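With our numbering applied, the sequence shown covers 1 to 326.
No residue lacks a Cβ here, since even glycine has one placed at the ideal position from N, Cα and C.
Quick caveat: nothing in here was measured; it's all calculated off a predicted structure.
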Amino acid sequence: MPAFSSLDKARQFRVFQRTVTERVRKSADFILRKLEQKRKIDGLDNGKTKRPLIVGINGAQGSGKTTMVNGLVKYLGALKVSAVGFSMDDLYLPNKDQRELAIKHRDNPLLQFRGQPGTHDPQLGRDTLLSLLRNSGETPIPMYDKSLMDGYGDRVPLGKWPKAEPPIDVVLFEGWNIGFRALTEAEFAKYISKVRDETNENNRALFKHSRKYSDANLHEINDSLKRYETLLYPLIDAWVYMRISDFDIIYRWRKDQEDDLAASGRPSLSDQQLEDFVSRFLPGYEMAAEKLDRHGFLSSGILPTPNTLRMHLDLERNAVAWDHKL
């Protein structure tokens, strides 16, 4: 990992700020078009929509999705469009339930810590989205604190959750794996054949992280995605997708974040801890990416297509291309 001078860091930050500004502007243009479509469907051409537009935002760890969501809330707010954001991370199981899950699946390293599908509460996410869709009363937004329980994390008590007040026009629901789709048994068998293929150099590179885990371990993660598809995706109207082509860059992006934490005197992960942490997420990307590129995201089906804005990020998190191909 190359070391960066403070000048390099300052330059990187300025470039990142510029690309976030571009992401916010282009994403907002897309979101506003979709909001207008939903208003027309609801018969509301001249005012607030009865049902907010729900936008799923998929981006890898360290890609800047939370920064972009915060920017979108401010940008849309300046246009008198009320937006609220929340994260899939805030749907993680309470610590007690996560520990019970880890014991129940003691043979699966992917479920020993929060992160993968199976470690969230999709029903809580559905209940939250349905409350926001009703747009008739305040909605408590789930909150999870990763610093609790010695870094193992825990859900914040309900009384401390922030509350979203109606009327709400847009809901921005972000996460690293939101939108990932379960593979059929045939698709999973094909994926596993590539994971176990030691003769093909391309497959060895593309599925090197999945190869560390058993077929049964990976199958449990795939099965868990079915609840996300059933409970969450039918409520999402449109998608913003921050696509990356090299999953190994996630380590570097997270390393940048940990270095910033250390520089500010806050607790941070060691290089070994960080590598272990990131490596447990990467099989999820390897499993889901091909189907996502081929078949796109599931959605509510309320709005006319295209319903996805896809940005292609380079290794420096710059959005170098945009399309609606999914």
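Report the residue from LEU129, ARG204 and LYS190 whose alpha carbon sits nearest the alpha carbon of GLU174. LEU129
What is the rounded straight-line gap between the Cα of GLY179 and the Cα of ARG227? 12 angstroms
Taking 7 angstroms as the cut-off, decide whether the C-beta atoms of TYR232 and GLY301 are in contact. In the sequence on display, residue 232 carries Leu and not Tyr. No; because the gap between Cβ atoms is not below 7 angstroms, this pair is not in contact.
Can you tell me whether PRO2 is buried or exposed, with buried defined as 16 or more other CB within 10 angstroms of its CB? Confidence at PRO2 is low in this model, with a pLDDT of 43, below 50, so its placement is unreliable and no value can be given for it.
Alpha carbon to alpha carbon, how far is ASP197 from LYS208? Give it in angstroms, no decimals. 10 angstroms
Identify, in the order they occur along the chain, each residue of the same chain with its Cβ nearer than 6 angstroms to the Cβ of GLY58, setting aside the five sequence neighbours on each side. The displayed chain sequence assigns Asn, not Gly, to residue 58. Within the same chain, ASN58 has close Cβ partners ILE178, GLY179 and TYR241.
Name, in chain order, the residues that DSSP records as bridge partners for HIS324. BP columns for HIS324 are empty, so no partner.
Distance CB(LEU235)-CB(GLU258) smaller than 7 angstroms: no
Please check the pair PRO283 and LEU101, which I expect to be a contact at CB under 8 angstroms, by giving their CB distance rounded to whole angstroms. Going by Cβ atoms, the distance from PRO283 to LEU101 rounds to 17 angstroms, so no, they are not a contact pair.
For PHE86, the three-state DSSP class (helix, strand or coil): strand
If the criterion is Cβ atoms closer than 7 angstroms, does the pair PRO117 and ILE244 meet it? no
What's the C-alpha gap between TRP253 and PHE281? 14 angstroms
Give a yes or no on contact between the stretch 16-33 and the stretch 300-315, applying the rule of three or more CB pairs nearer than 8 angstroms. yes
Going by alpha carbons, who is nearest to THR66 out of VAL20, LYS40, ARG39 and SER82? VAL20
Can the beta-carbon of GLN61 be found closer than 7 angstroms to that of TRP176? yes
Within 7 angstroms, strictly: CB atoms of LEU158 and ASP121: no
Specify the secondary structure class of LEU205 as computed by DSSP and reduced to three states. Inspection of the sequence shows that residue 205 is occupied by Ala rather than by Leu. Three-state result, ALA205: helix.
Contiguous beta strand (DSSP E) assignments of at least 3 residues, all confined to the stretch 75-131: 83-87
Between the C-alpha atoms of ASP276 and GLU201, what's the straight-line distance to the nearest angstrom? 24 angstroms
For a quick check, are the C-beta atoms of ALA263 and LYS34 less than 7 angstroms apart? no
Cα separation between GLU22 and SER63? 14 angstroms
Delimiting residues of the alpha helix (DSSP H) encompassing ARG310: Careful: ARG310 lies outside any alpha helix (DSSP H), inside the beta strand (DSSP E) at 308-313.
For PRO283, which of helix, strand or coil comes out of DSSP? helix
Going by beta carbon distance, what residues of the same chain come within less than 6 angstroms of ASN203, once the five residues before and after it are set aside? LYS194 and ASP197
Span of the beta strand (DSSP E) around ILE141: Run containing ILE141: none; DSSP gives neither H nor E here.
Cα-Cα separation between SER279 and GLU165, rounded to whole angstroms: 39 angstroms
Quick one: is TYR251 buried, meaning 16 or more other Cβ sit within 10 Å of its Cβ, or exposed? buried
Candidates ARG294, GLU229 and GLU286, of which the one nearest PHE247 by Cα: GLU286
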